[in-house]
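Going by our numbering, the residue at position 195 of the sequence shown is 200; the numbering climbs one at a time, nothing skipped. A quick write-up on the structure given underneath.
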Amino acid sequence: MEFRVNMDTTKILVAIWGNFSAWKDANYRYKNKIYTSSTTLPLLLDTIKPNYTYIILADTLMDKYDNIFTYQEGLARIKNEAGAFIKEKIRSYPTKLKEDNINILILPAVGTFSRSRFVGNPNNFYALVYFELARNILRNLGSKLAFISENNKPCLELYLDITHGLNFMTMMTYRAVKDILQIIAYFCKVRLIVLNSDPLVGSGNIDLNINEIEKINVIPAFNFYKYQQHGAKFINVNTYANLNENRKREIGTELSKNDSIINLKQKMSNIYAFCGAFLHGLPIYIYYFYEEITKEDIKPLINLFYSYIKLNYKETSDTQEINIIQETNFTEEFLSLLQAYILSSLLKNIYSVEKKEELSLEDIEKVKGVFKYSRVISQRLERELSRLKDLKEKEDFDFKDYGLIAIGEGKYQGNSSFDERNFFAHCGFGYNVIQVKKHSNLIFIRPKKGMINQIKDAINRSLPLGG
């Protein structure tokens, strides 16, 4: 697949950083340019010229600060120091590199340090970096994505710089980026370039190449799983935090009564069916079970998680100790929710998809392009759509079983049983599971009401189960 960057292509740089204040200068080389700096950032800003840049930091950096009394105060000090560091590095070059679209993301991590302990689940970092990158990338792509998708142009080139990354943050950020881009790749061309410099520490060499250790045109994939063990709680009590039983019960009760969790939990069965319909190429049911998930739906869960991060500060005559405890975890269902958020946003913004119980043939034609990467689904869908188009030759008729119209009343043997294999083999267009109508040369389609529960159960059962 050819990938040619053009004026409509959005370039994004994501960089994972550790303790930036301890870095030493090196001569970094990339694309025939050399910058002397303690960070790769100035060189990458000059050579890549990203539209947007995201610097990912861990909250564990507050270990080096004195007199931190609240968690928010610690985050603010990290952000202020990182911002000043970036300004210093950028302004030291005559090119006047822009800092307007550089965003600093500080996320919860875990670890024990000289005078602090950060207790929690590393997977919380993954959930949060996934959400932050997903919502920002969708915002950065913006309204022009529909035009790019329609014209099959490259929409996104993302550079992931892991030169300054450390421990689990590097792997989890890479996983999140890859998963997000694989969903977007259904809708437009996407490229991922992973950067890492030659090693500096211990080598004695300060002339370092920045290497493209991965450069790929991203292949679409929807790695969506169904989880059952938590009952769609999205957030639960953190077993890593060593909380006493009273505190566990208190948090559990509060979570069970949370309105945001309750509202999303009620949607989860439809969300599974909607995502399953997309995964298996069932366009009727993408519309029928569609659930719009927005960042406004997810943000209350993010805020809820942060409200359960507790900072305990202890100071003696000669020492101080900070314990930062993540009292809650994001569950696997939360990750499924994030994937549904990306998918529903793209379908709505590009194809104007919304929940519909009755849809036109044109509605299905709009979304069929997302299945072009699956030869099997694409061919099946074209065959089914061709049969439906043939109905335009008939006189107008009201909603009837598809089989009655396609085969004829004398030949069609109505079958009230649901054949799961036949359902998936025909992309959900089975003779006895849908009804069709023709009016003014338009074909309309709807699922049979008596089959909805069986259809939904079949789609949900078809999803791979998570661990």
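Here a beta-carbon is modelled for each residue, glycine too, at the ideal position from N, C-alpha and C. Here the structure is a predicted model, which is why all the values come from computation and not from measurement.
Would you mind giving the Cβ-Cβ distance between F449 and V438, rounded to the nearest angstrom? I have them listed as a contact below 8 Å.
-> That pair is no contact at about 15 Å.
So what does DSSP say about D71, is it helix, strand or coil?
-> coil
D212 - containing beta strand (DSSP E), residue span | D212 to N222
Nearest-angstrom Cα separation, counted from K183 out to S265 = 28 Å
Can you have a look at R140 and say buried or exposed, based on whether 16 or more other CB atoms are within 10 angstroms of its CB?
-> buried
For D184, three-class secondary structure by DSSP = helix
Alpha helix (DSSP H) segment containing T258, residue limits | E250 to S261
DSSP three-state assignment for N145, whether helix, strand or coil | helix
Coarse secondary structure for M6, derived from DSSP in three states | Its pLDDT being 49, under 50, M6 is placed unreliably in this model, and the coordinates cannot settle the point.
How about the region 293-304 and the region 190-203: do they share at least three Cβ pairs that are nearer than 8 Å?
-> no
Ranges of the beta strand (DSSP E) found wholly within the region 376-418, counting only runs of at least 3 = 402-406
Option nearest I240 by Cα separation, candidates N216, F279 and L306 | L306
Mind checking M174: buried by the 16 CB within 10 Å criterion, or exposed?
-> buried
In terms of residue numbering, what span does the alpha helix (DSSP H) encompassing R82 cover?
-> Y76 to R96
Return yes when the Cβ of V124 is within less than 8 Å of the Cβ of I327, no when it is not.
-> no
Between which two residues does the alpha helix (DSSP H) containing Y290 stretch?
-> P288 to Y293
Starting from Q271, follow the alpha helix (DSSP H) in both directions and report where the run begins and ends.
-> D264 to L284
Is I73 closer than 8 Å to Y311 when the C-beta atoms are compared?
-> no
Apart from the five residues on each side of it in sequence, which residues of its chain come closer than 8 Å, Cβ to Cβ, to H431?
-> R385 and E389
L205 to I211 span [Cα, whole Å] | 6 Å
State the DSSP-derived secondary structure class of G468, mapped to helix, strand or coil.
-> One point to set straight first is that residue 468 is Leu, not Gly, in the sequence displayed. Reduced to three states, the DSSP call for L468 is coil.
Could you have a look at V134 and say whether DSSP puts it in helix, strand or coil?
-> helix
Three-state secondary structure assigned by DSSP to Y346 | helix
Which listed residue (S43, I39 and I53) has its alpha carbon closest to that of T15 | I53
Beta-carbon proximity check, I291 vs V199, cutoff 8 Å | no
Just reading off the alpha helix (DSSP H) that T45 is part of, what are its end residues?
-> Per DSSP, T45 belongs to no alpha helix (DSSP H) and is neither H nor E.
Starting from V441, follow its DSSP beta bridges and name the residues at the other end.
-> K405 and I450
Quick one: grab the DSSP three-state call for D203.
-> coil
Across which residues does DSSP place S121 in a beta bridge pair?
-> I327
S341 versus D64 - alpha carbon distance | 25 Å
Where DSSP assigns a beta bridge to E332, which residues make up the other side?
-> Answer is none; E332 lacks a bridge partner.
By Cβ distance, which residues of its chain are closer than 8 Å to D30, with the 5 residues on each side in sequence left out?
-> T41, S42, S43 and I211
Whose C-beta lies closer than 7 Å to the C-beta of T333 among residues of the same chain, with five residues either side of it excluded?
-> I240, N241, V242, N243, I256, F310 and Y313
Classify E250 as buried or exposed, calling it buried when 16 or more other Cβ atoms lie within 10 Å of its own Cβ.
-> exposed
Proximity of I142 and I17 at Cβ, strictly below 8 Å | yes
Please report the Cβ distance between F423 and I410, rounded to the nearest whole angstrom; I am assuming they are in contact, meaning their Cβ atoms lie under 8 Å.
-> Not a contact, Cβ separation roughly 20 Å.
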